[in-house]
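Colleague: Quick one: this structure, given as structure tokens, is what I'll be asking you about.
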Amino acid sequence: MAAADVEKTLGPQLWKDPHMETLPDEGLVAFVKEDCPTCVLVAPVLAELRAAGEDIAVITQDDPGFPAGLDAVHDADLGLSWHNDIETVPTLLRRGGGAETDRIVGWSRPAWEEFTGVDGLGADLPEHRPGCGSLSVDPDLADTLAARFDGTGLVARRVEFATQEDEFEAMFERGWSDGLPLVPPTPERVLRMLAGTSRAADDVVAIVPPDLIEATVEKVAINAVMAGCAPEYLPVVIAALEAICTDEFNMHGVLATTMGVGPILIVNGPIRHEIAMNSGMNVLGQGNRANATIGRAVQLCVRNLGGGRPGEIDRATHGGPAKFGLCFAEDEEGSPWTSLAESRGFDSSASTVTAFCGESPRIIFDQMARTPEALLSSFVATLLGNVHPRLTGMDTTIVVAPEHMARFRDAGWDRARFLEELTSRLMVDVDDILRGVDGIEEGIPRGLGLEGAQLPKFREILVVHAGGPAGLFSSTFGGWVSGPMGSVPVTKEITR
Amino acid sequence: MSTMTVLDPTDESVPQERPRAARPESLAGLTIGLLDISKPRGNVFLNRVEERLNGLDASVIRFQKPTFSKPAPVDLRHEIASQCDAVIEALAD
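The following block contains the structure:
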């Protein structure tokens, strides 16, 4: 019987476990399948053993009538095989006092004779033959069986969609979606997802705002499945959720604000390559599964666990791409500078994710500059308009493109030099940004005694190197309210 | 088509429904809290509201959140609840 046919027989018994302790307390038990030539070979030996007076039970995994004449028990849902850790057929168990005392696998005449104490077994058979893989470890069935029988500790409520219900429509109707289709989080898929982390399913990852719900690894895994993540992305999703759920990042405020900001997630370290993230061409766009689904999984956690839904606590006027999820990796290898993570105190061997509360990306356009000074002038001119030309003290993230980076690299500028030059050019005369100057009401309130002074445009500048090999465009993400009164960028190490 | 079992992605909590506090018949003689969320011009609105409340023979206590970007601290909420009969929270801009 094919794996698919076995799967069909599994449905109604899901979550039941009628199989433990159902093997005979004493005697021999043989696990076989008709699809295995070695099992077919040893079928006469099983008959010989019974004829010799041995108390032998036979369990068949596929054909209920195999082996003929031995009253085999059909292990239709493979529960007996799974619970007895059968990896190979034939497997011959000896049981005594209600427990297994010994086992052999495959066919070997000397081994079987010694094991059973019966001589002259299978006189016409070759001396030995290796066995075949047990149906219960078939890769197509393993996750299904683990979900059914394993005490994995999955405790999430089971939701059963009716026969006539379309599962994709059913998930939309339950309000689980961000508007895009979701991958149904079946127990099998969630178990596979959980294999992506060493953390226990009931570990609490974070307290997710706005409802301040304890998010367990299991619940995060469920949302990661729905988002379309592969299991190896799960540690990144977990670390990102930890980052945005800190008091410093202030996800409640980031969610609730009418301003169209959201968590921008930047991944550094070896995991970028291990999960094949994009740090190159179209890095802030579509086309890479890890980039596209990690941020989405984090936002689905905010939605489904934290209860943060647009029109409710999420009050964004326009929203932005980070509300769906925006995650990308730094191109560290192509950069002459230390990475973002290193600039934030992490070792280059560490994998990290940095969460920055930002707007949509805005392009820093300069196709003419051939010197770092000229290019910096374009950076300054664009960055002064971040959020609003009259507002200061916010954070920004700059994504320096490789062709722009070449200007700085060729002139020998490192990260420190770049930031030094940049910040010195981003000092703003308060008199130019007072409320009412040039008819603009936004700006620094008058009467604070700041007239005549200079203020830095930004509180903190994060710099990342990423993008395609061609194109004289960098990008900047404007920030939100910064510092302890708003949102502070947070970096977390990613652990498996 | 067979049935499909999935795991619930939500927190599985069931919202507890509580009735709204009874609306006062009149503001006369009551203590009204005015909560400024610390955003520009919230005070403009609340100053005017305070003037109107004074004209209605209500007493007013002013409160302020440390920052508009975060929920009001528990202590502040407790202070308002224990001192006031009703509260008006200003938005801004």
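Taken in order, these protein sequences are the chains called A and X. Everything in the first sequence is counted per this note's numbering, starting at 21 for the first residue and increasing by one. Everything in the second sequence is counted per this note's numbering, starting at 2 for the first residue and increasing by one. Quick reminder that beta carbons are idealized off the backbone N, C-alpha and C, glycines included.
#1: List, from N- to C-terminal side, the alpha helix (DSSP H) runs of 4 residues or more that fit wholly inside the region 186 to 249 of chain A.
#2: Within its chain, find whatever has a CB closer than 6 Å to the CB of Lys66 (chain X); leave out the 5 residues flanking it on each side and keep chain order.
#3: Return the Cβ separation of Thr217 (chain A) and Val237 (chain A) in integer angstroms, given the expectation that the two are a contact with Cβ distance under 8 Å.
#4: Using the Cα positions of Gly491 (chain A) and Ser355 (chain A), report the straight-line distance between them to the nearest angstrom.
#5: Pull up the distance between the alpha-carbon of Pro392 (chain A) and that of Arg435 (chain A), whole angstroms please.
#6: Under a CB-based cut-off of 8 Å, is Arg177 (chain A) close to chain X?
#7: Three-state secondary structure (DSSP) at Gln306 (chain A)?
#8: Relative to the C-alpha of Cys377 (chain A), which residue among A:Asn311, A:Glu350, A:Ala401, A:Leu285 is closest?
#9: Would the beta-carbon of Leu141 (chain A) fall within 8 Å of that of Glu133 (chain A)?
#10: Is the beta carbon of Val179 (chain A) closer than 8 Å to that of Asp9 (chain X)?
#11: Where does Pro255 (chain A) sit, in a helix, a strand or coil, going by DSSP?
#12: Mind checking Ser368 (chain A): buried by the 16 CB within 10 Å criterion, or exposed?
#13: If I measure Cβ to Cβ from Asn44 (chain X) and keep anything under 7 Å in the same chain, skipping five residues before and after, which residues do I get?
#14: In whole angstroms, give me the CA-to-CA distance for Trp102 (chain A) and Ser371 (chain A).
#15: Going by DSSP, which residues form a beta bridge with Thr496 (chain A)?
#16: Between His485 (chain A) and Val420 (chain A), which are expected to be in contact by the criterion C-beta below 8 Å, what is the C-beta distance as a whole number of angstroms?
#17: Output the boundary residues of the beta strand (DSSP E) element that contains Gly282 (chain A).
#18: Please check if any C-beta of chain A sits within less than 8 Å of the C-beta of Leu77 (chain X).
#19: What is the rounded straight-line gap between the Cα of Leu346 (chain A) and the Cα of Ala312 (chain A)?
#20: Relative to the C-alpha of Pro330 (chain A), which residue among A:Asp95, A:Tyr253, A:Arg455, A:Pro230 is closest?
#21: Keeping to the same chain, check which residues put their C-beta closer than 8 Å to that of Ala67 (chain A); ignore five residues upstream and five downstream.
#22: Anyone know if the C-beta pair for Pro283 (chain A) and Ile258 (chain A) falls short of 8 Å?
#23: Can you check which of these residues, A:Ala176, A:Leu454, A:Phe478, is closest to Gly19 (chain A) by C-alpha distance?
#24: Following the continuous alpha helix (DSSP H) through Met271 (chain A), name the residue where it begins and the one where it ends.
#25: Could you check where the alpha helix (DSSP H) with Gln84 (chain X) kicks off and where it finishes?
#26: Could you check what DSSP says for Thr443 (chain A) in three-state terms: helix, strand or coil?
#27: Along the chain, where does the beta strand (DSSP E) containing Thr32 (chain X) start, and where does it finish?
#28: Please list, in chain order, the chain X residues whose beta carbon lies closer than 7 Å to that of Phe192 (chain A).
#29: Do the region 185 to 201 of chain A and the region 143 to 158 of chain A touch if we need at least three Cβ pairs shorter than 8 Å?
#30: Considering only their Cβ atoms, is the gap separating Glu252 (chain A) from Ile314 (chain A) smaller than 8 Å?
#31: With a threshold of 16 other CB atoms inside 10 Å of the CB of Glu52 (chain X), please say whether the residue is buried or exposed.
#32: Which value, in whole angstroms, describes the spacing of the CA atoms of Glu107 (chain A) and Ala96 (chain A)?
#33: Residues of chain A with a CB under 7 Å from the CB of Glu13 (chain X): which are they?
#34: I need the boundaries of the alpha helix (DSSP H) containing Cys265 (chain A), first residue and last residue.
#35: Between Leu8 (chain X) and chain A, is there a C-beta pair that is closer than 8 Å?
#36: Quick check: is the beta carbon of Lys71 (chain X) nearer than 8 Å to any beta carbon in chain A?
Modeller: Let me lay it out:
#1: As for any alpha helix (DSSP H) of minimum length 4 sitting wholly inside the region 186 to 249 of chain A, the runs are 187 to 193, 207 to 214, 237 to 247, ordered along the chain.
#2: Locating residue 66 (chain X) in the second sequence gives position 65, counting from the first residue. Correct list, in chain order: Ile38, Ser39, Ala73.
#3: In the first sequence, residue 217 (chain A) corresponds to position 197, counting from 1. In the first sequence, residue 237 (chain A) corresponds to position 217, counting from 1. Right, the Cβ-Cβ distance comes to about 6 Å (below 8 Å), so this counts as a contact.
#4: Here the question's residue 491 (chain A) lines up with position 471 in the first sequence. Here the question's residue 355 (chain A) lines up with position 335 in the first sequence. Distance between Gly491 (chain A) and Ser355 (chain A), taken at the CA atoms: about 16 Å.
#5: The residue given as residue 392 (chain A) occupies position 372 in the first sequence. The residue given as residue 435 (chain A) occupies position 415 in the first sequence. Rounded to whole angstroms, Pro392 (chain A) to Arg435 (chain A) spans 13 Å at the Cα level.
#6: Sequence index remark: in the first sequence, residue 177 (chain A) carries index 157 (1-based). Chain X contact via Cβ: present.
#7: Within the first sequence, residue 306 (chain A) is the residue found at index 286, counting from 1. Here Gln306 (chain A) sits in coil by DSSP.
#8: Translated into positions along the first sequence, residue 377 (chain A) becomes position 357. Checked all of A:Asn311, A:Glu350, A:Ala401, A:Leu285; the closest Cα to Cys377 (chain A) is A:Leu285.
#9: In the first sequence, residue 141 (chain A) corresponds to position 121, counting from 1. In the first sequence, residue 133 (chain A) corresponds to position 113, counting from 1. Closer than 8 Å, so yes.
#10: Indexing the second sequence from 1 puts residue 9 (chain X) at position 8. Indexing the first sequence from 1 puts residue 179 (chain A) at position 159. In contact: Asp9 (chain X) and Val179 (chain A) (Cβ atoms closer than 8 Å).
#11: Along the first sequence, read from residue 1 onward, the residue named residue 255 (chain A) stands at position 235. DSSP places Pro255 (chain A) in helix when its eight states are reduced to three.
#12: If you number the first sequence from 1, residue 368 (chain A) lands on position 348. The residue is exposed, with fewer than 16 neighbouring Cβ atoms inside 10 Å.
#13: For the purposes of this step, residue 44 (chain X) is taken as the residue at position 43 of the second sequence. So the qualifying residues of the chain are Asp37.
#14: Locating residue 102 (chain A) in the first sequence gives position 82, where the first residue counts as 1. Locating residue 371 (chain A) in the first sequence gives position 351, where the first residue counts as 1. Between Trp102 (chain A) and Ser371 (chain A), the C-alpha separation is close to 37 Å.
#15: The residue you call residue 496 (chain A) lines up with position 476 of the first sequence. DSSP output for Thr496 (chain A) lists A:Arg382, A:Ile418 as bridge partner(s).
#16: Residue 485 (chain A) sits at position 465 when you count from the first residue of the first sequence. Residue 420 (chain A) sits at position 400 when you count from the first residue of the first sequence. About 5 Å separates the beta carbon of His485 (chain A) from that of Val420 (chain A), a gap short enough to meet the 8 Å contact definition.
#17: Translated into positions along the first sequence, residue 282 (chain A) becomes position 262. For Gly282 (chain A), the uninterrupted beta strand (DSSP E) segment begins and ends at 282 to 288.
#18: Counting from 1 along the second sequence, the entry for residue 77 (chain X) is found at position 76. For Leu77 (chain X), the answer is no, since every Cβ of chain A falls outside 8 Å of its Cβ.
#19: Sequence index remark: in the first sequence, residue 346 (chain A) carries index 326 (1-based). Sequence index remark: in the first sequence, residue 312 (chain A) carries index 292 (1-based). Rounded to whole angstroms, Leu346 (chain A) and Ala312 (chain A) show a C-alpha spacing of 7 Å.
#20: Taking the first sequence and counting its residues from 1, one reaches residue 330 (chain A) at position 310. When only C-alpha atoms are compared, the closest one is A:Pro230.
#21: Looking up residue 67 (chain A) in the first sequence gives position 47. Apart from the 5 residues on each side of it in sequence, Ala67 (chain A) sits with its Cβ closer than 8 Å to the Cβ of Pro87, Gly89, Leu90 in its chain, given in chain order.
#22: By 1-based counting over the first sequence, the position of residue 283 (chain A) is 263. By 1-based counting over the first sequence, the position of residue 258 (chain A) is 238. In this structure, Ile258 (chain A) does not lie closer than 8 Å to Pro283 (chain A) by Cβ.
#23: Any property of residue 19 (chain A) remains undetermined from this structure, which presents chain A solely from 21 to 516.
#24: As a working mapping, residue 271 (chain A) is identified with position 251 in the first sequence. In this chain, the alpha helix (DSSP H) harbouring Met271 (chain A) covers 271 to 276.
#25: The count along the second sequence starts at 1 and reaches residue 84 (chain X) at position 83. Looking at the DSSP string, the run of the alpha helix (DSSP H) that includes Gln84 (chain X) is 75 to 84.
#26: Start at 1 with the first residue of the first sequence, and residue 443 (chain A) comes out as number 423. Correct three-state label for Thr443 (chain A): helix.
#27: Translated into positions along the second sequence, residue 32 (chain X) becomes position 31. Under the DSSP assignment, Thr32 (chain X) falls in the beta strand (DSSP E) whose first and last residues are 32 to 37.
#28: Numbered from 1 along the first sequence, position 172 holds the residue referred to as residue 192 (chain A). Taking the beta carbon of Phe192 (chain A) as reference, no residue of chain X falls within 7 Å; the closest one sits roughly 13 Å away.
#29: Taking a cut-off of 8 Å for Cβ pairs, the region 185 to 201 of chain A and the region 143 to 158 of chain A do not touch, as fewer than three such pairs fall below it.
#30: Locating residue 314 (chain A) in the first sequence gives position 294, counting from the first residue. Locating residue 252 (chain A) in the first sequence gives position 232, counting from the first residue. Inclusion of Ile314 (chain A) and Glu252 (chain A) in the CB contact set at 8 Å is not warranted, their separation being larger than that value.
#31: Within the second sequence, the letter at position 51 stands for residue 52 (chain X). Burial check for Glu52 (chain X): the Cβ neighbour count within 10 Å stays below 16, so the residue is exposed.
#32: Residue 107 (chain A) sits at position 87 when you count from the first residue of the first sequence. Residue 96 (chain A) sits at position 76 when you count from the first residue of the first sequence. The C-alpha of Ala96 (chain A) is placed about 16 Å away from the C-alpha of Glu107 (chain A).
#33: For the purposes of this step, residue 13 (chain X) is taken as residue 12 along the second sequence, with counting starting at 1. Around Glu13 (chain X), the beta-carbon contacts reaching into chain A at under 7 Å are Arg177.
#34: Within the first sequence, residue 265 (chain A) is the residue found at index 245, counting from 1. Careful: Cys265 (chain A) lies outside any alpha helix (DSSP H) and carries neither H nor E.
#35: For the purposes of this step, residue 8 (chain X) is taken as the residue at position 7 of the second sequence. Interface flag for Leu8 (chain X) against chain A is set, since a Cβ pair is found closer than 8 Å.
#36: One-based indexing of the second sequence puts residue 71 (chain X) at position 70. Yes, Lys71 (chain X) lies at the interface with chain A (some Cβ there is under 8 Å from its Cβ).
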